[in-house]
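Q: The structure follows.
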């Protein structure tokens, strides 16, 4: 039996996997998170949209990384204009999540204020 790391992946396997493989595997828990949080109906809509926009970031980053490698012979992080363009979607995702939760907090405060007065 192989020793198991913190995430349940055998240590030897985790050490031999490259970053692309780990990146691909990490999508499955995130997709599970999206599935559960969507079904719960308890996530503020704007925040939920933000979490889905993060998938757009992921799906844009992959071809952008391939393009950077083929056309520039560099990692995506070393091609500023391409890296910045991909990161725009991460920034948009973060903004939507924050605004969604802010909106929910303000709505909750208004509801509590209305019940008191």
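Residue numbers (my numbering): 660 to 776. From the three backbone atoms N, C-alpha and C, an ideal C-beta is built for every residue, glycine too.
1) Suppose contacts are defined by Cβ-Cβ distances below 8 angstroms. Is residue 752 in contact with residue 716 by that definition?
2) So residue 705 and residue 759 are supposed to be a Cβ contact under 8 angstroms. How far apart are they, rounded?
3) Based on Cα-Cα distance, which residue from 774, 769, 683 lies nearest to residue 718?
4) In this structure, how does DSSP classify residue 738 when only helix, strand and coil are distinguished?
5) DSSP state of residue 703, grouped into three classes?
6) I'd like the list of long-range same chain contacts for residue 712, defined as Cβ closer than 8 angstroms, with 5 residues on each side in sequence excluded.
7) Which value, in whole angstroms, describes the spacing of the CA atoms of residue 734 and residue 728?
8) My output table needs one value for residue 661: the three-state DSSP class, helix, strand or coil.
9) Alpha carbon to alpha carbon, how far is residue 744 from residue 761? Give it in angstroms, no decimals.
10) How about residue 723 and residue 707: are their beta carbons less than 8 angstroms apart?
11) State the DSSP-derived secondary structure class of residue 762, mapped to helix, strand or coil.
A: Put simply:
1) yes
2) 3 angstroms
3) 683
4) coil
5) coil
6) 748, 751, 752, 755
7) 6 angstroms
8) Here the model assigns residue 661 a pLDDT of 48, short of 50, so the residue's position is not dependable, and the following value carries that caveat. Looking at residue 661 - three-state DSSP - the assignment turns out to be coil, as it is neither helix nor strand.
9) 26 angstroms
10) Not closer than 8 angstroms, so no.
11) helix
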